[in-house]
Every structure is written in C-alpha cells, then in structure tokens.
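Asker: Using our numbering, the letters of the sequence shown correspond one by one to residues 3 to 174.
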Amino acid sequence: MLSEKLVAKLNEQLNYEFYSSHLYLSMAAYCAGENLDGFANFFLVQAEEEKFHGMKFFHFIDDKDATIRFSGFEDPSAKYQSVLHVFEEALKHEKFVTKNIYALMELATEEKEYATISFLNWFVDEQVEEESMFNNLIQKIKAAASDPSALLLLDMELAKRTFTPPAADTTN
Ligand code: FEO
C-alpha cells in the first residue's frame, strides 16, 4: 500500500503532466498565430504526449488502489515574444518537471516503494529525451535566426511530427 505522502506526490505529478499538455496547447496557439503551422503541430503533438504521461500516472495510481485526484491549474497563456522564446520557456518547464520526477523518485526510494521506483524509471529516461529534444530545437532556431528560409524549412520538418504512443504501453 502506498503512503499518503507518496499518493499526494503522484497525484501532484499527474496534474503537472496535464498542466504540461495545457501549456503546450497555449504554445501551439502562439505558433499558429504567427503562421508557423509546423511549429504549432509540434506543440499539438507534444500536448498529446503530455496527456499520455498524465494517463500513465492515472493508471498507476489506480492499479495501486489509491485515489486519483485532479486539481485546477494556472493560466498558461504567457506572452511569448518569439518562437525562440516559446522553446526556451518549454525547456525551462521540462527542467522543472525533471526536478519533480527526481523528488518523487527520492521519496519512493526513501520509502522502498519498488513498484513506484520501477514506474518512475520510464519518466527519468523520458525527461532526458525531452530536454535533449528542446535543446536541439533551440540550437536549430538560433541558427535559423539570420536566415528566414531556414526557419520555414524547420517549420516544414516539424509539420511532419505525429503522435505515436510507445508500443510497450498498450496495457495502460
Ligand atoms: Fe511529461 Fe514533458 O514531461
């Protein structure tokens, strides 16, 4: 049985994941408003991924026979100054999420909750990929700053992104 403290933290992370989805929808909206439909598509797919992450917490909490609790979250509609600013904010957000996953892992380790540790390992790896993806895109956007055609090429590339849930997670 999970401790109350661990259940509260797992629910907190569930809500952060759904907040992330909401945040990325707001970033998609900004990009769409700038007529960068490929960048908008990138964030729409990212929003789907975050919903998928949130649902992984949903199923895990339920499988452990604990109570799932949803909470409201803050308005994510920040004023973005440029597409580069959007990606920098996204990376900042992912670093925040990584910190929270680590804190959750520390608590699960302290409590010797091995099922939760195993569950969280997927998120530890996922955060490495997500931070790396945003870092790479920031570098590409910076490189395209002096060349508008390079930004349009990147926009076309990001238009091709699709959401594919990992095959190993079909049970969740
Ligand atoms: Fe669910 Fe982007 O972390």
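The beta-carbon is built from N, C-alpha and C at its ideal position, and this holds for glycine as well.
Closer than 7 Å to a non-hydrogen atom of ligand 1 - does that hold for the CB of S134?
Answerer: By one-based count along the sequence shown, residue 134 stands at place 132. Every heavy atom of ligand 1 is 7 Å or more from the Cβ of S134, so no.
Asker: Taking the continuous alpha helix (DSSP H) assigned at M3, which residues delimit it?
Answerer: The residue labelled residue 3 in the question sits at position 1 within the sequence shown. Element bounds for M3: n/a, residue is neither H nor E.
Asker: Could you tell me the alpha carbon to alpha carbon distance between K81 and E112, rounded to whole angstroms?
Answerer: Residue 81 sits at position 79 when you count from the first residue of the sequence shown. Residue 112 sits at position 110 when you count from the first residue of the sequence shown. Taking the straight line from one Cα to the other gives about 40 Å.
Asker: Rounded to whole angstroms, what's the CA-CA distance from K58 to S79? Just pull it up for me.
Answerer: Taking the sequence shown and counting its residues from 1, one reaches residue 58 at position 56. Taking the sequence shown and counting its residues from 1, one reaches residue 79 at position 77. If you take the alpha carbons of K58 and S79, they lie about 26 Å apart.
Asker: When the Cα of D167 is compared with those of A105, V88, H55, which residue comes out closest?
Answerer: For the purposes of this step, residue 167 is taken as the residue at position 165 of the sequence shown. Before going on, a small fix: residue 167 reads as Pro here, not Asp. The shortest C-alpha separation from P167 is found at H55.
Asker: Using the three-state DSSP reduction, which class does P167 fall into: helix, strand or coil?
Answerer: Residue numbering aside, residue 167 sits at position 165 when the sequence shown is read from its first letter. Correct three-state label for P167: coil.
Asker: Let me make sure I understand the geometry here. Which of Y104, L46, N102 has the alpha-carbon closest to that of S28?
Answerer: In the sequence shown, residue 28 corresponds to position 26, counting from 1. The candidate whose alpha carbon is nearest that of S28 is L46.
Asker: Helix, strand or coil for T172, going by three-state DSSP, please let me know.
Answerer: Here the question's residue 172 lines up with position 170 in the sequence shown. Summary for T172: the model assigns pLDDT 48, below 50, so the residue's position carries little reliability, and this model does not support an answer.
Asker: Does the separation of the CB atoms of A110 and L8 fall below 8 Å?
Answerer: In the sequence shown, the residue the question calls residue 110 occupies position 108. In the sequence shown, the residue the question calls residue 8 occupies position 6. It is a contact, given that the beta carbons lie within the stated cut-off.
Asker: Could you have a look at N134 and say whether DSSP puts it in helix, strand or coil?
Answerer: Position 132 of the sequence shown, counted from the start, is the residue given in the question as residue 134. It should be pointed out that residue 134 corresponds to Ser in this sequence rather than to Asn. Three-state result, S134: helix.
Asker: Pick helix, strand or coil for P78, following the three-state DSSP scheme.
Answerer: As a working note, residue 78 is residue 76 in the sequence shown. Three-state DSSP puts P78 in coil, outside helix and strand.
Asker: In angstroms with no decimal places, state the Cα-to-Cα distance between T173 and N17.
Answerer: Stepping through the sequence shown from its first residue, residue 173 is reached at position 171. Stepping through the sequence shown from its first residue, residue 17 is reached at position 15. Residue placement at T173 is flagged as unreliable, the pLDDT there being 47, under the threshold of 50; a coordinate-derived value is accordingly withheld.
Asker: What number of angstroms, rounded off, separates the C-alpha of S22 from the C-alpha of Y116?
Answerer: Your numbering for residue 22 matches position 20 in the sequence shown. Your numbering for residue 116 matches position 114 in the sequence shown. S22 and Y116: Cα-Cα distance of roughly 26 Å.
Asker: May I ask you to check if the CB of V99 is nearer than 7 Å to at least one heavy atom of ligand 1?
Answerer: If you number the sequence shown from 1, residue 99 lands on position 97. For ligand 1, at least one heavy atom lies less than 7 Å from the Cβ of V99.
Asker: For K114, does the three-state DSSP call read helix, strand or coil?
Answerer: Residue numbering aside, residue 114 sits at position 112 when the sequence shown is read from its first letter. K114 falls in the coil class under three-state DSSP.
Asker: I'd like to know if the segment 86-98 and the segment 125-134 are in contact, where contact means that at least 3 CB-CB pairs between them fall below 8 Å.
Answerer: At 8 Å Cβ cutoff, the stretches touch.
Asker: Would you kindly work out how many angstroms separate the C-alpha atoms of S151 and E50, rounded to a whole number?
Answerer: Residue mapping note: residue 151 aligns to position 149 of the sequence shown, counting from 1. Residue mapping note: residue 50 aligns to position 48 of the sequence shown, counting from 1. Each residue's alpha carbon lies about 28 Å from the other.
Asker: Can you check which of these residues, L155, F75, L12, is closest to D64 by C-alpha distance?
Answerer: On the sequence shown, position 62 is the one that residue 64 refers to. Of L155, F75, L12, the residue nearest in Cα terms is L12.
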